[in-house]
Every structure is written in structure tokens, then in C-alpha cells.
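**Student:** What follows is a structure written as C-alpha cells; I'll ask about it next.
Protein chains: 2
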Amino acid sequence: MGATKTDHFTEKQNSIAKMIKALGHPARIAIVEYLMKVDDCICGDIVNELPLAQPTVSQHLKELKNAGLIKGNVEGNAICYCIDEKAIEKLQHYFTGISAKLKLKKNCC
Amino acid sequence: MGATKTDHFTEKQNSIAKMIKALGHPARIAIVEYLMKVDDCICGDIVNELPLAQPTVSQHLKELKNAGLIKGNVEGNAICYCIDEKAIEKLQHYFTGISAKLKLKKNCC
DNA sequence: AGTCTTTATCGTAATATTGCAATATTAAGT
DNA sequence: ACTTAATATTGCAATATTACGATAAAGACT
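See the structure below:
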């Protein structure tokens with residue numbers, strides 16, 4: 409085995425898991441945090457910022473993009489990557505929802 | 409290679425990535441969502457709820473516990489697993505923080 | 001056209017994850 | 001002590017992820 413059995417779970421569960429999984433790596437957290445504080449978002453700057461080789465960073469960016477967490481814009485020679493605000497909001501709402509429901513519940517442990 | 413280079417990132421980045429990663433699997437999302445809506449949280453019920461074999465579920469529970477997302481309480485013969493509210497809140501705050509900062513910024517893409 | 005710069009892709013090695021059958025462990029009930 | 005029930009651990013096969021060197025692709029510049 410080794411492959412996740414996605415077909416046994418709901419669309420929603422798979423979809424949210426995919427987004428969350430994309431952020432489940434320190435390099436990708438670092439990328440998002442960098443994009444958050446910077447005004448122009450050039451790929452090359454990200455490569456310089458991270459302690460990883462250029463192909464590795466490129467791969468991480470691809471995964472973030474694939475999960476819908478960032479968007480890429482061709483800017484002449486370079487590429488400008490930005491956080492997709494809506495995706496982050498989706499995650500925020502997901503956790504806010506869980507938190508709210510937990511507060512209405514008495515936890516047994 | 410194949411191993412994440414955690415030593416090149418900050419403690420915070422590694423720590424949040426670890427929590428997020430633990431949720432980045434539909435089975436573990438399903439477990440958390442199940443624990444959220446149910447009043448007693450017996451391991452056996454989770455096994456029955458999920459479309460996975462008992463050892464697999466046990467492993468997922470272990471990962472969630474290891475990441476601090478759930479707590480386990482021995483309840484006689486069975487084990488009661490509950491969501492750790494504080495962990496979820498931490499995640500909620502993390503995403504709320506990003507969202508808030510993004511709103512103060514003009515995104516270029 | 002040739003060159004430089006920037007980013008992506010390919011190929012591959014190392015490691016991690018997923019999933020399960022078999023087995024072990026632990027506590028309860030008899 | 002024996003048996004049953006619930007959960008964990010072990011061992012292993014299949015697959016995925018991470019990382020990077022080498023190379024390709026695409027646009028800018030001369």
C-alpha cells in the first residue's frame with residue numbers, strides 16, 4: 409500500500425486535507441510567511457530566503473500552487489507568487505468552526 | 409535525501425508545520441470531525457466509523473496524539489480520545505493571523 | 001543569433017507514509 | 001487462571017515525499 413484511500417472519504421474531507429497537507433511542511437510554511445511580509449513576491453527572492461536548492465523550492469511552490477494556496481503571475485522574466493487570500497480564509501473558517509463547536513461541547517478528557 | 413531539513417527552519421515553523429501535517433490526511437480529518445460531533449469518544453467507535461482496518465486507525469490516532477491534536481484517556485478496557493481544544497485554537501489563531509495580515513496588504517497577483 | 005537570468009522539469013537517491021495481517025498487550029468478566 | 005474484548009505494536013509491501021544535480025525552457029538584453 410502507501411497510497412491514501414481517498415475514495416473512502418468525502419469530497420470535503422479530501423479537499424480540506426489536501427489544502428492542509430500542502431502547508432504541512434516547514435519550507436512551505438516559511439514560503440507563506442515570507443510572502444505574507446513582503447511586498448513584491450518574486451520567486452528568486454524566495455529561493456534566496458530559503459535554505460534549500462532552487463529546484464526544491466520550485467517543487468514546494470508547485471505544491472502550494474497545486475493546492476490553491478498561492479497564485480503565480482508571470483512578470484516578464486521572473487514569476488510573482490502571491491498567497492491566495494480566499495484559500496487561507498477557507499482554512500481559517502474551518503478551524504474557527506471546529507473551535508466554536510468544541511466550545512459548545514463538554515469534552516470528556 | 410527524502411528527509412525534511414527541519415534544522416534549517418525556525419522552531420515555530422517546524423512546530424506549526426508538524427501540527428498542520430498531522431491533519432493533512434483525510435482519515436485524520438475524518439477522525440477529528442467524528443470526535444467533534446460525538447459525545448463519547450471511544451476508540452472502537454472510531455474504528456467502526458472509518459473505512460480502514462483497526463491497526464491503520466490506531467496509527468492515525470497515534471499521529472494525531474503525537475502532534476498534540478488529541479488526548480487519550482484510558483477508560484477501563486477502552487480508550488477515550490478527545491480533541492485537544494487548545495491545539496485547535498492554536499491553529500485557528502495561526503490562520504486568523506495570516507488572514508488579518510493579508511487584509512492589510514495589497515496583493516500584487 | 002548569442003548570452004544571461006530566471007524558473008521549471010527530469011532523473012534519481014534517500015527517507016517517510018500508508019495500510020494491513022499477524023501478533024502482543026491490557027483490562028474486564030467469568 | 002481462562003477467556004473475551006479493546007487497543008497497540010511489529011513487520012512488511014506499496015507508494016509518496018523530499019531534496020538536489022543536471023538540464024531544459026522562456027524571456028530580456030546586447
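These protein sequence lines are chains S and C, in that order.
Going by the numbering used here, the residue at position 35 of the first sequence is 443; the numbering climbs one at a time, nothing skipped.
Going by the numbering used here, the residue at position 76 of the second sequence is 484; the numbering climbs one at a time, nothing skipped.
The C-beta atom is built at its ideal place from N, Cα and C for all residues, glycine as well.
Keep in mind it's a predicted model, so treat the numbers as computed, not measured.
1. Does residue 485/C come out as helix, strand or coil in the three-state DSSP assignment?
2. Quick one: what's got a C-beta closer than 8 Å to residue 486/S's C-beta in the same chain, skipping five residues either side?
3. Is there a Cβ of chain C sitting closer than 8 Å to that of residue 422/S, yes or no?
4. Counting only C-beta atoms, is residue 481/C closer than 8 Å to chain S at any point?
5. Under three-state DSSP, which class holds residue 490/C?
6. If the criterion is Cβ atoms closer than 8 Å, does the pair residue 425/S and residue 432/C meet it?
7. Look up residue 479/C in the DSSP assignment and say whether it is helix, strand or coil.
8. Given that a residue counts as buried once 16 or more other Cβ atoms are within 10 Å of its Cβ, and exposed if not, what is residue 512/S?
9. Cβ of residue 507/S less than 8 Å from any chain C Cβ?
10. Determine the chain C residues that contact residue 449/S at a beta-carbon separation under 7 Å, and present them in chain order.
11. Would you say residue 497/S faces chain C, with C-beta separation under 8 Å as the test?
12. Which ranges does the alpha helix (DSSP H) cover as unbroken runs of at least 4 residues, wholly within the region 416 to 462 of chain C, from first to last along the chain?
13. Using a Cβ distance threshold of 8 Å, determine whether the region 482 to 498 of chain S contacts the region 467 to 476 of chain C, with at least three qualifying pairs required.
14. Count the other C-beta atoms from every protein chain shown that fall within 10 angstroms of the C-beta of residue 462/C, then say buried if there are 16 or more, exposed otherwise.
15. Could you tell me which of 471/C, 454/C, 412/C, 498/C sits nearest to residue 507/S, measuring between CA atoms?
16. Closest to residue 428/C by CA distance: which of 490/C, 496/C, 445/C is it?
**Tutor:** According to the structure data:
1. Walking along the second sequence from the start, residue 485/C turns up at place 77. The answer is coil: DSSP assigns residue 485/C none of H, G, I, E or B.
2. Against the first sequence, residue 486/S aligns to sequence position 78. Counting only Cβ-Cβ distances below 8 Å, and skipping sequence neighbours, we find 450, 451, 452.
3. What you label residue 422/S is simply residue 14 of the first sequence in a count that begins at 1. For residue 422/S, the nearest CB of chain C lies under 8 Å from its own CB, placing it at the interface with that chain.
4. For the purposes of this step, residue 481/C is identified with residue 73 of the second sequence, where counting begins at 1. Answer yes: the Cβ-Cβ gap between residue 481/C and chain S drops below 8 Å somewhere.
5. Position 82 of the second sequence, counted from the start, is the residue given in the question as residue 490/C. Strand, per DSSP.
6. On the first sequence, position 17 is the one that residue 425/S refers to. On the second sequence, position 24 is the one that residue 432/C refers to. Cβ distance < 8 Å, so residue 425/S and residue 432/C count as in contact.
7. Counting from 1 along the second sequence, the entry for residue 479/C is found at position 71. In this structure, residue 479/C counts as strand in the three-state DSSP scheme.
8. Start at 1 with the first residue of the first sequence, and residue 512/S comes out as number 104. It counts as exposed.
9. On the first sequence, residue 507/S is found 99 positions in, with the first residue counted as 1. Yes, residue 507/S counts as interfacial toward chain C.
10. Locating residue 449/S in the first sequence gives position 41, where the first residue counts as 1. Neighbours of residue 449/S on chain C, chain order: 516.
11. Translated into positions along the first sequence, residue 497/S becomes position 89. By this cut-off, residue 497/S is an interface position.
12. 419 to 431, 434 to 445, 451 to 457
13. no
14. Residue 462/C sits at position 54 when you count from the first residue of the second sequence. By the 10 Å Cβ count, residue 462/C comes out exposed.
15. The residue labelled residue 507/S in the question sits at position 99 within the first sequence. Taking only the C-alpha atoms, the option nearest residue 507/S is 498/C.
16. Stepping through the second sequence from its first residue, residue 428/C is reached at position 20. Looking at 490/C, 496/C, 445/C, the one whose alpha-carbon comes closest to that of residue 428/C is 496/C.
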